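Per numbering that gives the first Met the number 0, the first sequence starts with residue 0, numbered consecutively.
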Amino acid sequence: MIDLKLLRDDPEALRASQRARGEDPGAVDALLAADERRREAVGRADTLRAEQRQLGKKIGQARGDERTELLAYGKELAAQVKAAEVAQSEADEALTAAQRALPNLVIDGVPAGGEDDYAVLEHVGTPREFDFPVRDHVELLESLGGLDSERGAKVAGARFYFLTGIGAQLQLALLTMAMNKAIAAGFTMMIPPVLVKPEIMEGTGFLGAHAAEVYRLRDDDLYLVGTSEVPLAGYHSGEILDLSAGPKRYAGWSTCFRREAGSYGKDTRGIIRVHQFDKIEMFSYCPPDDAEAEHQRLLGWEREMLAAVDVPYRVIDTAAGDLGASAARKFDCEGWVPSQGRYRELSSTSNCTTFQARRLNVRYRDGDGRNQVVATLNGTLATTRWIVAILENHQRPDGSVTVPAQLRPFLGQDVLTPV
RNA sequence: GGAGGCUUCGCCUAGUCUGGUCUAUGGCGCCGCACUGCUAAUGCGGUUUGGGGUCACCCCCCAUCCCGGGUUCAAAUCCCGGAGCCUCCGCCA
């Protein structure tokens, strides 16, 4: 949700942001008009309510004819107040709707345009030259006895799978390593609910353009989360935080659920695009002035994690049109996938500035003792998909796989060999 | 699944039966001032949150007693619905 003060002070910045996202700048003017109408409606209702309050006091003291007269006027006034309140709540709803329709203001420097207009910021590591036929992650995992897609489909349908034996162990080792790093960096480990209420899902901005991605349990009016960002954002909803000791940082370990509607035919093989996977997600609450610096810190921890599994990657600055509604800027780390000869997203960190926090009403007390809306940020530390990059990049001619050195203590093996 | 209790401005709490000076009481905490070698103690004053007016301050207006409806000239208070927490019973990993 966009700050109304910012809207009034600098509507042109918002129009520019809309254009960069490829969306209608007219939505800004619609919001301005709705804001003005609401202010007028509130003013009228306030005046009438003040009059009614004064009248009420008089009636309380009046007796006889005077009282009868005042009561008659009171009835009339009550009708006017009611009408004014209806008008106010309509204007309120219209404003909220217009406000929710507008995505976050993108940060200066974010490339304009759509999915393919990202800016590559950096390449780290060099893709390995293979002098033998490269196996893809499905072949590798299956021969290691780590994946059963067929039975996944039998039990739950397409895009579901069993991680079996070493596959499951590998995921547990990877996520444990990621979580240990997060804890060492000062994050509080969290195992959150993966079912959340509508207002939490709505507050994080996932029920807008991406509503079709979200599983919904109609009988219970709950949603399955696609990332622990959702419960971690909801964790402090409605609260006033003490950030005097620095940002509040949480690392969520959760299963994530995505419908993958509209992705038929994409990545149908293996575990790249699935309905259910596990993820370690970093989440920060910090003062808005510190958000861009915090964003870089989150990116830094992602890079450490990628270095730890020794996978070549590049960092991209996602274009405005490819940002979620909540994000003001997003950096993706894309790992090299040898079988595809291209980079695929392994981690993603978004700066949501005050957009989510305003919807979820998360504030902090600043140095002057005033309550201000916080900024929220999130970033991926590891997911099931990382297994793809790890196995493919470290495969050997005989189909075995070298375990990255930092992962070995968690897995208890140096080399994975086909069964 | 069933029965009952509770929810008041940071925390605790009075007020709800019997609607109106409730513009919500008191304590704790916190802030300011006074007094006192310092601290403590004591005294006095202040202290919900959000929106709007105001260049800003002072101040003024509106809303806010878990949430949403209703009754009424008027609701913390009466009625209906819902949420959360707690207790007990039943059922079940």
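Positions of the beta carbon are idealized from the N, C-alpha and C atoms, including for glycine. Remember, it's a predicted structure, so these values are computed and weren't measured experimentally.
Contacts around ILE279, its chain only, beta-carbon distance under 8 Å, and the 5 residues preceding and following it disregarded: Position 280 of the first sequence holds residue 279. Taken in chain order, the residues that qualify are LEU174, ALA177, MET178, ALA181, ALA250, GLY251, TRP252, THR379, LEU380, ALA381 and THR382.
Is it the case that the Cβ atoms of THR254 and ASP219 are separated by a distance below 7 Å? Numbered from its first residue, the first sequence carries residue 254 at position 255. Numbered from its first residue, the first sequence carries residue 219 at position 220. No, Cβ-Cβ distance for THR254 and ASP219 is not below 7 Å.
What would DSSP say about HIS294, mapped onto helix, strand or coil? Position 295 of the first sequence, counted from the first residue, corresponds to residue 294. Correct three-state label for HIS294: helix.
Residue range of the alpha helix (DSSP H) that ARG20 falls in? Residue numbering aside, residue 20 sits at position 21 when the first sequence is read from its first letter. Note, ARG20: alpha helix (DSSP H), 10-20.
According to DSSP, what are the bridge partners of HIS274? Locating residue 274 in the first sequence gives position 275, where the first residue counts as 1. HIS274 pairs with nothing; no bridge assigned.
Thinking C-beta only, is LEU410 closer than 7 Å to VAL400? For the purposes of this step, residue 400 is taken as residue 401 along the first sequence, with counting starting at 1. For the purposes of this step, residue 410 is taken as residue 411 along the first sequence, with counting starting at 1. No, these two residues do not count as a Cβ contact at 7 Å.
The beta strand (DSSP E) enclosing ILE315, as first and last residue numbers: Residue mapping note: residue 315 aligns to position 316 of the first sequence, counting from 1. Element bounds for ILE315: 312-316.
Provide the residue(s) that pair with ALA374 in DSSP beta bridges, ordered along the chain. On the first sequence, residue 374 is found 375 positions in, with the first residue counted as 1. ALA374 is bridged to CYS285.
Going by alpha carbons, who is nearest to GLY185 out of GLU22, GLU198, VAL80 and PHE282? Position 186 of the first sequence, counted from the first residue, corresponds to residue 185. Checked all of GLU22, GLU198, VAL80 and PHE282; the closest Cα to GLY185 is PHE282.
Pull up the DSSP beta-bridge partners for LEU221, would you. Walking along the first sequence from the start, residue 221 turns up at place 222. BP columns for LEU221 point to LEU216.
From ARG48 to THR352, what does the alpha carbon distance come to, in whole angstroms? If you number the first sequence from 1, residue 48 lands on position 49. If you number the first sequence from 1, residue 352 lands on position 353. Taking the Cα positions, ARG48 is about 37 Å away from THR352.
Can you name the residues that DSSP bridges to TRP252? For the purposes of this step, residue 252 is taken as residue 253 along the first sequence, with counting starting at 1. Checking the DSSP bridge columns, you'll see TRP252 partnered with ILE279.
With 16 other CB atoms within 10 Å as the buried threshold, where does LYS74 fall? The residue labelled residue 74 in the question sits at position 75 within the first sequence. It counts as exposed.
Collapsed DSSP secondary structure at VAL105 in the structure displayed: Within the first sequence, the letter at position 106 stands for residue 105. VAL105: coil per DSSP, three-state reduction.
Throw me the rounded Cβ distance for the VAL195 and GLY233 pair, which I believe falls under 8 Å. The residue given as residue 195 occupies position 196 in the first sequence. The residue given as residue 233 occupies position 234 in the first sequence. Going by Cβ atoms, the distance from VAL195 to GLY233 rounds to 6 Å, so yes, they are a contact pair.
Under the three-state DSSP convention, the category VAL193 falls into: For this step, residue 193 is matched to residue 194 along the first sequence. Of the three classes helix, strand and coil, the one that applies to VAL193 here is coil, per DSSP.
Three-state secondary structure (DSSP) at SER349? Indexing the first sequence from 1 puts residue 349 at position 350. SER349 falls in the strand class under three-state DSSP.
Which residue spans inside the stretch 102-146 form an unbroken alpha helix (DSSP H) run of at least 4? 136-142
Would you identify the three-state DSSP class for VAL27, choosing helix, strand or coil? Taking the first residue of the first sequence as position 1, residue 27 is located at position 28. Looking at VAL27 - three-state DSSP - the assignment turns out to be helix.
Can you list, in chain order, the residues of its chain whose CB lies under 6 Å from that of GLY237, leaving out five sequence neighbours each side? The count along the first sequence starts at 1 and reaches residue 237 at position 238. Contacts found: ASN360.
What number of angstroms, rounded off, separates the C-alpha of GLY166 from the C-alpha of LEU140? As a first step, residue 166 is located in the first sequence; it is residue number 167 there, counting from the start. As a first step, residue 140 is located in the first sequence; it is residue number 141 there, counting from the start. One C-alpha to the other measures close to 7 Å.
Could you tell me whether the Cβ atoms of GLU293 and LEU376 are closer together than 7 Å? Walking along the first sequence from the start, residue 293 turns up at place 294. Walking along the first sequence from the start, residue 376 turns up at place 377. It is a contact, given that the beta carbons lie within the stated cut-off.
What are the boundary residues of the beta strand (DSSP E) that includes PHE419? Nothing can be reported for residue 419: it is not among the residues displayed for the chain, which extend from 0 to 418.
Using a Cβ distance threshold of 8 Å, determine whether the stretch 305-324 contacts the stretch 109-121, with at least three qualifying pairs required. yes
Pick from GLY55, GLY63, ASP64 and ALA61: whose alpha carbon is nearest that of ALA77? The sequence position of residue 77 within the first sequence is 78, counting from 1. Out of GLY55, GLY63, ASP64 and ALA61, GLY55 has the C-alpha closest to the C-alpha of ALA77.
Tell me, to the nearest whole angstrom, how far the beta carbon of ASN350 is from that of ALA324; I am working on the premise that it is less than 8 Å. The residue you call residue 350 lines up with position 351 of the first sequence. The residue you call residue 324 lines up with position 325 of the first sequence. Actually they are not in contact, since the Cβ atoms of ASN350 and ALA324 sit about 13 Å apart, beyond 8 Å.
Taking the beta carbon of THR348 as the centre, do at least 16 other beta carbons fall within 10 Å, making it buried, or is it exposed? For the purposes of this step, residue 348 is identified with residue 349 of the first sequence, where counting begins at 1. THR348 should be labelled buried.
Using a Cβ distance threshold of 8 Å, determine whether the stretch 194-208 contacts the stretch 153-167, with at least three qualifying pairs required. Counting Cβ pairs under 8 Å, fewer than three are found: no touch.
Between ALA33 and the rest of its own chain, which residues show a CB-CB distance below 7 Å, the 5 nearest in sequence each way excluded? Counting from 1 along the first sequence, the entry for residue 33 is found at position 34. Within the same chain, ALA33 has close Cβ partners ALA93, LEU94 and ALA97.
Between which residues of its own chain and GLU128 is the CB-CB distance below 8 Å, once the five residues before and five after are set aside? Working through the first sequence from its first residue, we reach residue 128 at position 129. The answer is none, since no qualifying residue turns up.
Burial state of LEU216 (16 or more Cβ within 10 Å): On the first sequence, residue 216 is found 217 positions in, with the first residue counted as 1. Per the 10 Å Cβ criterion, exposed.
Which listed residue (ARG158, LYS153 and GLU149) has its alpha carbon closest to that of VAL273: In the first sequence, counting from the first residue as 1, residue 273 sits at position 274. Closest option to VAL273, Cα to Cα, is ARG158.
State the start and end residues of the unbroken alpha helix (DSSP H) segment that holds ARG357. Walking along the first sequence from the start, residue 357 turns up at place 358. ARG357 -> alpha helix (DSSP H) spans 354-359.
Buried or exposed by the 16-neighbour rule on C-beta atoms within 10 Å, applied to PRO337: Translated into positions along the first sequence, residue 337 becomes position 338. If you draw a 10 Å sphere on the C-beta of PRO337, you find 16 or more other C-beta atoms in it, and that means buried.
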